[in-house]
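To start, the structure under review is shown below, and the notes come after it.
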Amino acid sequence: MHAGHAELPFTEALPQLRTLLINRLKSLRSTHPGGQSTAWSARRALWRSMILRVGLLAMLATSVKLVAAPGPGFDEPEAPQQIEIGVLSHRGNRLTQQQWGATADYLTQALPRHCFRIMPLAFNEVEDAVASGRIQFLLVNPGMYVDLEVRHRISRIATIRNGSGGQARNRFGGLIFTRADRDDIAELADLRGKRLLAVDPHSLGGFLMQLDVLQRQGIAVPRSLAALDFAGIHDAVVLAVRDGLADVGLVRTDILERMAIQGIIEHSDFRVLAPRSVPNFPLLLSTPLYPEWPFSTLQSTPNALAQQVAIALLQMPTDAAAALAGGYTGWTVPLDYQPVHQLLQALHRPPYDHPEAFTLIDAMRRYWPAVVLSLLALLLLLILAGRLQTLNARLNRAKSRLEQRQELILNSVAEGIYGVDLCGRTTFINKAAERMTGWDQHQLIGCNQHQVLHHQHRDDAFLRTEEDCPVYATFRDQQARFVEDDLFWRRDGSCFPVEYSTTPIRDERGKTVGSVVVFRDTTERRDTAARIQRLQTEQARVARLSTLGEMASGIAHELNQPLTAISTNARASIRLIENGRGTLECCSQVMTKIADQAERAGEIIRHIRRFVRKEEPETSPVAVADLFDTVLVLLHQEARQHAVEIQCEISPKVDKVLVQRTQIEQVILNLARNAIEAMAETPGPHQLRLLAQPREPESNTEPSARTIIRVEDSGPGIADSIQGRLFEPFTTTKARGLGLGLSISAGIVETHGGKLVLSETESGACFEFCLPSL
């Protein structure tokens, strides 16, 4: 009221309000004479309705005044009764209060004698709230309702009509989604090995609907997944997938749309898996549709109160504040929840997680024809039992003959064969294995084959554990293996080299029950390989002698130069002494020159002797510069004869390599001589480069450090027609060549753990190989 005006009681003000409305009606009539206008008719009806409502309001106020007036025999009005509505807090308690608080206020206004309040409940709190009677009404997902309906006798009184998506719906579904940038997840089959995040094991739209779809697609949950976790609320699932904490998320329909409208997420950041299209259902969907959430009453709630609440909910206008705040358009009569029952039965979820009781009497009553047939079949089986007994005896005799035949086959094989069960115990052994190991089958069968036959690598090497045993590895991964080099131990404590294969033994169901080991004594083959190695070494030495023979004239020239200088200087010294001009200082200078030339000749001879001597059996550290010096000494005259300039480039990071010196000198010399001979056929100038550079390991399996040796020339290069067989024996481009140099060189490099290769260059040819560095 404005200041200066006395407040009138409500009952006294109503006549004045009615008079004011009548006068307003008369003024409108004078504005539209005749009353023929359609607009005027509408306004007149409106004002008459307002007058009628004012009259009713006056009557109601009078009644309220009479009822409220205290009088003799009447007590004060009772305080409103507190009514708790349990709501599943699937998006968090704060959002639950915001969404459903207005609905509680609406019911409080509709039923003034009661005060309704929302109680948010987590998934694991719902059943306790129902069992303890702390709530009178309940709003949960249909899956939880079905479970509580069976076990706690709650009853549905209304079904919500969801308003998200722009139209009213009383059904909802589930959504399977991932990030839009996950190209590796395009269909449901791609979920194998991925991290899946759902809301709760009891969430219908946030887990159970999608679980049914995945199982129908043959995806075992959680066995086929890398991980299955539950976030508790829908919003947390969406945010976890957005932030990369999970690969795939499961939520109910309308969650993504709501969060996008609220600005929490971007709708384009996500992609739906196994999308479905249902008429008159505009939301994103991956599962079949099921009835929406029911509003339920507990068994202890009075029926009158439940009826009043049901009427109030069904009469809620579409644009009511409670509906707008809750994101729905009202309520409808309870739907049929049989599809939810069928879903839970298919998934064996509560209340269908226990098998139904089925007694023997029930079976007799239901299946009595089958029982009669079974008795007849039993009689027939008794008749057949005697026949089967006879056949079984025959089969046993045939089995014995087959086992004897198999034993004959095993004993006729030259390789040793024995079987092993899953515990590592020997199950059988043939005669060849007995002969090679010295063990009798009665002594070995039942023993742990690993501890008896191949428990140790060598006489003084470390003991091998069962985890390292290839036979046990075959049990674990069910993969056949072939081991080329191992040791088996005889009964007398001696060992012998073997190669063997281990193969899993499977029964008729495909289950691994053991393995069979077939081994062969490789002692003779090793001796043969050693003899071949010695012959190859001798062949390499002969090749070096042949190379020196081909270089004899050049080496002779190299030796002739210092010898000629020695002879010339000696005779000059004699003449000086005979002429009397040989002073001590002059003779000393001449003798110094003679000594230098003698040392030069001695160095050449030392290089030649080292090059042609027999190879040392072991590798040793050798400076790369020393390797290059030997090659330079032996090739100096030949390079000079063909006008070839030799350059040596050694990286400062390269020092020594672990090699057999004579062999590597032979490789470098052979490559360098081939380069000089190739360049001699083309016009100059010619250049030969010897390079040494470090090479870092490319993987953990490579040695720690290696040195690359390159021999580059400026010659005509290698013809494409022979590049593929360049390192094969007897392949040559020389008219009188044998074609063994590159083959021998490639073999030497392989024994040092490297590989001789032809690299691409702009001109000429480039051969390179790697050596172990120190």
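Numbering (the working numbering), first residue to last: 3 to 776. Every residue gets a Cβ at the ideal spot worked out from N, C-alpha and C, and that includes glycine. Every value quoted in this text rests on a predicted model; they were computed, and no experiment measured them.
- Residue state for I720 is assigned as coil, using DSSP reduced to three classes.
- Here DSSP, grouped into helix, strand and coil, assigns H343 to helix.
- Between the beta-carbon of A242 and that of G251 there is about 7 angstroms, and that keeps the pair under the 8 angstroms contact cut.
- The shortest C-alpha to C-alpha distance from T763 to any of P718, R522, L275 is the one to P718.
- The beta carbons of N95 and P114 sit no closer together than 8 angstroms.
- Counting C-beta pairs closer than 8 angstroms gives three or more between the region 407 to 425 and the region 514 to 521, which meets the contact rule.
- Each of L760, V515, I678 was checked against the Cα of R691, and the nearest Cα belongs to I678.
- Contact between the region 211 to 229 and the region 190 to 203 is present: 3 or more CB-CB pairs across the two stretches fall below 8 angstroms.
- Its chain contains V223, L349 as the residues whose beta carbon lies nearer than 8 angstroms to that of Q217, once the 5 sequence neighbours on both sides are disregarded; these appear in chain order.
- Of the residues assessed, L375 falls on the exposed side of the cut-off, its CB having fewer than 16 other CB atoms within 10 angstroms.
- Only residues of its own chain outside the window of five on either side were considered, and among them G418, D523 have a CB closer than 6 angstroms to the CB of M438, listed in chain order.
- Remark: fewer than three beta-carbon pairs, one from each stretch, lie closer than 8 angstroms, so the region 153 to 173 and the region 200 to 212 are not flagged as touching.
- Straight across, the Cα-Cα distance linking A248 with C650 is about 59 angstroms.
- Note on H456: 16 or more other CB atoms within 10 angstroms of its CB, so buried under the neighbour-count rule.
- In the three-state reduction of the DSSP assignment, A694 falls in the strand class, which pools E and B.
- Restricting attention to alpha helix (DSSP H) runs no shorter than 4 residues, the region 392 to 473 encloses them at 433 to 439, 443 to 446, 451 to 455, ordered along the chain.
- With fewer than three CB-CB distances shorter than 8 angstroms, the region 324 to 335 does not count as touching the region 116 to 132.
- Burial is judged here by how many other beta carbons sit within 10 angstroms of a residue's own beta carbon; M593 has fewer than 16 and is exposed.
- A767 and D715 do touch by the CB rule: their CB atoms are close to 6 angstroms apart, below 8 angstroms.
- Around the CB of Y369, fewer than 16 other CB atoms lie within 10 Å, so the residue is classed as exposed.
- In this structure, the CA atom of E510 is about 30 angstroms from the CA atom of D442.
- The criterion of a C-beta distance shorter than 8 angstroms is satisfied by Q101 and G329.
- Spatial neighbours of L412 in its own chain (CB-CB distance under 7 angstroms, excluding positions within 5 residues in sequence) are listed in chain order as I419, N432.
- The criterion of a C-beta distance shorter than 8 angstroms is not satisfied by R273 and S288.
- Q83 and P304 have their alpha carbons spaced roughly 13 angstroms apart.
- Close CB contacts of L758 within its chain, under the 7 angstroms cut and outside five residues either way in sequence, are with F729, S747, A748, V751, F769, F771 (chain order).
- Per DSSP, reduced to three states, the secondary structure at T524 is coil, with no helix or strand assignment.
- In this structure, Q344 is the residue among D364, I363, Q344, I263 with its C-alpha nearest to the C-alpha of D355.
- Within a 10 Å sphere around the beta-carbon of M366 sit fewer than 16 other beta-carbons, which makes this residue exposed.
- If you compare the alpha carbons of I263, R225, H269 with that of R244, the shortest gap goes to H269.
- Within the DSSP bridge table, the entry for F283 names V280 as partners.
- Counting every other CB atom within 10 Å of its CB across the protein chains shown gives R158 a total of 16 or more, marking it as buried.
- Contact check for Q301 and I85: beta-carbon distance about 15 angstroms, past the 8 angstroms limit, so the pair fails to qualify.
- Secondary structure at L637: helix, using DSSP grouped into helix, strand and coil.
- Just measuring C-alpha positions, the residue of I87, L586, P685 sitting nearest F118 is I87.
- DSSP places G145 within a helical segment (H, G or I) once states are collapsed to three.
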